[in-house]
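Just so you know, the sequences run in chain order X and S.
Each residue of the first sequence is one higher than the one before, counting from 4 in the numbering used here.
Each residue of the second sequence is one higher than the one before, counting from -12 in the numbering used here.
By construction, the Cβ of each residue, glycine as well, lies at the ideal position given by its N, Cα and C atoms.
Shown next, in structure tokens, is the structure this report addresses.
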Amino acid sequence: MAAAASCSTSTRSTGSVVVAASRNSVTSFQRRGPRASGTDSGCSRLVSIAGTRPSVRNGQLLVSTGLPALDQLLGGGLAVGTVLLIEEDKYNIYSPLLFKYFLAEGIVTGHTLLVASAKEDPADILQELPAPLLDDNCKKECDEDICNHKTESNIKMKIAWRYQLLPKMEARPVSSSRFGHYYDVSKRIPQELIEASKWHGFFLPEKISSTLNLEPCSLNHGYIKLLQFIQNIIYEEGFDGSNPQKKQKNILRIGIQNLGSPLWGDDICWTENCDSNHSLTKFLYMLRGLLRSSLSACIITVPTHLIQNKAIIARVTNLSDTVVGLESFIGSEKETNPLYKDYHGLIHIRQIPQLNNLIYDVSDVKDLAFKLKRKLFTIEWVQDNYLRQERNIYPPGFSYLLKQKDSAWGEGSLQHSTFLMSFLAKGILVSFCVRCSENKEAAVGIQSCHTLAAAFASRLVRHSEPLEQTGSGRIRQAAGPRLWHDGPRQEAPGLLVIPP
Amino acid sequence: MFPELNNLLNTTPDQAEQGKLTLLCDAKTDGSFLVHHFLSFYLKANCKVCFVALIQSFSHYNIVGQKLGVSLTTARECGQLVFLEGLKSAVDVFFRPQEEPHPLQFLREANSGNLQPLYEFVQEALKPVDSGEAAWRCPVLLVDDLSVLLSLGVGAVAVLDFIHYCRATVCWEWKGNVVALVHDSGDAEDEENDILLNGLGHQSHLILRAEGLATGFCKDVHGQLRILWRRPSEPTAQRDRSLTYQYKIQDKNVSFFAKGMSPAVL
């Protein structure tokens, strides 16, 4: 088995599979010999498993996460053999949704599911999956949402013209794609789809009652049981190639809910120095070992906001491949922030795996927010909202006095500096007054660049250290970073020239 | 092997130094491109390499190695490369326990185990064969990465002991090299990791530190590399030499440039 698995990629090219995109490797698992023909793709000799597609970047086999917007952010989808870690939001409202999308996608594409939970019976979880939107229905559903988008995007942006160059988030479903489907969260998945699917459930209270005859190990009992269960399924159903499969190869989708929570018997969520410090990390390592040698993809939700020890969070992140964090606005100060008024929370793509590649992918778009409408969970770039506001609040032709704190965005963020830069580019006077308590003062007149420079020289420009750059480095260069720093004024490169 | 990094480090595969411990660390970014560099460098330098790969599968390194011009499969077949695939071996040792000691035996132990079986594996792999002519230049141990051992329950002191034993055998006795990657957790307050990093930092001859930019993500400059040459045996020697460069990772190469001189800016 080991020899077969390590059979090199050089012999693979002489195998019977010819792929359009250069599919270098799926996982460390390699199959020799011709694959069974008669696939559902029908066309060409491209042998594919339903619901998967090769990545354009490195040929890795990808599966959909159930949310096409998230697939796009992760570079096409979730790579087979990897773990998607969802850092739960504070009240665990939105992370179960992503979990269910993943499982629903598995049912719709015919993958085998393995659902593990310590809180709910897997059968109940499956009952609550969202219903898939078929092509003709979703046209009607999504039309109302996107007609606003279309009219706005056609307006040419005058001030913040750089934003026009950035990619739009696709909200309309691609018709008849076998990769990535849309779901209606207000409806339940039809019963016949669940019954037609193959799934295995692991409900911790049931499994833990049996006696254990294992040697003591620093892994927690619940985790050991779960690992053995997963390994059994992978081995018996041949996802690791151990049984020569007569039937079509398939993907195993594993979903583990609330891993690390006290319900699994782990105490990392309630003490900082706990005994079983390494249980969760060891579990993740063994899980990674199992996944890398099989055709499976896994989603795990972890309540990282409860983990007391920051070192463990860092280790958990390092041991997972893709990490997505959800931050909901409920109960936080951002709820009243006008920039976020249409959204329910922020979504952070913290890590994207770098497999079979030197380059590591980092998602380009950083300020992402999500909202849960009645039927759809959408992810959008927050700038869209800012742009809509900008036109109403700051029409050109006036000069504005902006108090630093007034801006809805973090100081030093891309939105902030670009916003200011865009104003400067049009010769509108913007100056900051630390002592001013009122928001905006409109003064008539457009000042020229030189007067602008003099104005800057005379006023106190206060700006703290930029905390985190949220966009491409290029824009930052143009904005003239030193203009915004504390301390003695230095020359402002780029747009303005301060007279000596 | 990245030619530009070779120039910065002032080495070529023909003149690889011997008896050195190189520490690779990364902070807020991914430093695994350095591992790929050293792996292909030492394979091209005709050294016998023992690669303890704990974090990724063999095919990952193989595919990247092919982009850099080395084939790990041929190296493994002809005996130049001894590859310990941590993920696969961990599954084996955990689910199918064997009687004979396995290099990753510590996974089965309840308390923080020691890494002696792993050290014996390395010793066995890199032992100079007593044939007449020396087939390979010098033995090299490459570990990717040591921080994962901490996550698996091994104590920082045990890892330091392991590296110390390896250094004594590989570097001093057999005049080979040891290269290890450690993640720097930064502000995550990982004390064990800090102990490991500081301990290794004092023992190493060369430290390569890949850091993310302080201002955050940038498409054209992926990070900053700090190179520090040290002389651990002469603590009162002249000041250690240090250089800083910024880099951008491309498909088959990494380009290095002085700070602020990225081609995208100029």
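Can you round the beta-carbon distance between residue i and residue j to whole angstroms, since I take them to be within the 8 Å contact cut?
| i | j | result |
| --- | --- | --- |
| R124/S | N33/S | 5 Å |
| I355/X | F373/X | Rounded, the Cβ-Cβ distance is 18 Å, inconsistent with contact. |
| Q67/S | K35/S | 6 Å |
| L168/S | G18/S | 6 Å |
| L298/X | D92/X | Contact doesn't hold; Cβ gap of about 31 Å is too wide. |
| K313/X | E176/S | 5 Å |
| L293/X | L262/X | About 15 Å; that fails the 8 Å criterion. |
| L137/S | V146/S | 7 Å |
Assign residue i to buried or exposed, taking buried as 16 or more other Cβ atoms, counted over all protein chains shown, within 10 Å of its Cβ.
| i | result |
| --- | --- |
| D1/S | exposed |
| L463/X | Because L463/X sits at a pLDDT of 31, beneath the cut-off of 50, its placement in the model cannot be relied upon, and the following sentence gives the value as read from the coordinates. So L463/X counts as exposed. |
| S44/X | Because the pLDDT at S44/X is just 31, under 50, the model does not fix this residue reliably, and the value given afterwards should be weighed accordingly. The residue in question, S44/X, is exposed, as its Cβ has fewer than 16 Cβ neighbours within 10 Å. |
| Q357/X | buried |
| M248/S | exposed |
| H189/S | exposed |
| K239/S | exposed |
| E198/S | buried |
| W161/S | buried |
| Q237/S | exposed |
| V59/X | exposed |
| T231/S | exposed |
| R83/S | exposed |
| G80/X | buried |
| C65/S | exposed |
Examine chain X for any beta-carbon lying closer than 8 Å to the beta-carbon of residue i, and answer yes or no.
| i | result |
| --- | --- |
| G142/S | no |
| A175/S | yes |
| K162/S | no |
| V135/S | yes |
| L139/S | yes |
| V51/S | yes |
| H170/S | yes |
| H23/S | yes |
| H189/S | no |
| F82/S | yes |
Per DSSP, what are the beta-bridge partners of residue i in this structure?
| i | result |
| --- | --- |
| W202/X | L116/X |
| F373/X | G348/X and I382/X |
| L81/X | V66/X |
| A167/S | L10/S and V130/S |
| Q233/S | Q211/S and F244/S |
| E160/S | Its beta-bridge partners do not exist; DSSP assigns none. |
| L68/S | V36/S |
| C301/X | V86/X and I257/X |
| D187/X | A134/X |
For residue i, which residues in chain X fall below 9 Å Cβ to Cβ?
| i | result |
| --- | --- |
| H89/S | Those do not exist, as H89/S stays about 14 Å from chain X at its closest Cβ, beyond 9 Å. |
| Q237/S | L361 and I362 |
| I182/S | Those do not exist, as I182/S stays about 12 Å from chain X at its closest Cβ, beyond 9 Å. |
| F108/S | Under the 9 Å cutoff, chain X gives no residues; its nearest Cβ is about 16 Å from F108/S. |
Output, in chain order, the set of chain S residues within a Cβ distance shorter than 7 Å of residue i.
| i | result |
| --- | --- |
| G292/X | L74, K75, A77 and V78 |
| S58/X | Simply none; closest approach about 13 Å. |
At a Cβ threshold of 8 Å, is residue i touching chain S?
| i | result |
| --- | --- |
| S335/X | no |
| Q311/X | no |
| Y288/X | yes |
| T274/X | no |
| N261/X | no |
| L87/X | no |
| A317/X | yes |
| L322/X | yes |
| H281/X | yes |
| Q75/X | no |
| T284/X | yes |
| S299/X | no |
| S67/X | no |
| Q130/X | no |
| S221/X | yes |
By the criterion of Cβ-Cβ separation under 8 Å, what are the contact partners of residue i in chain X?
| i | result |
| --- | --- |
| K54/S | L361 |
Closer than 7 Å by beta-carbon distance: list the chain X residues that pair up with residue i, in chain order.
| i | result |
| --- | --- |
| H254/S | In the structure displayed, chain S extends from -12 to 253; residue 254/S sits before or after that span and is not available. |
| F20/S | L361 |
Give the interface partners of residue i over in chain S, defined as CB-CB distance under 8 Å, in chain order.
| i | result |
| --- | --- |
| A314/X | S172, A175, E176, D177, E178, E179 and N180 |
List, in order along the chain, the chain S residues whose C-beta lies closer than 9 Å to that of residue i?
| i | result |
| --- | --- |
| T307/X | Within chain S, no residue comes near T307/X; the closest Cβ sits about 12 Å away, beyond 9 Å. |
| Q234/X | V78, F81 and F82 |
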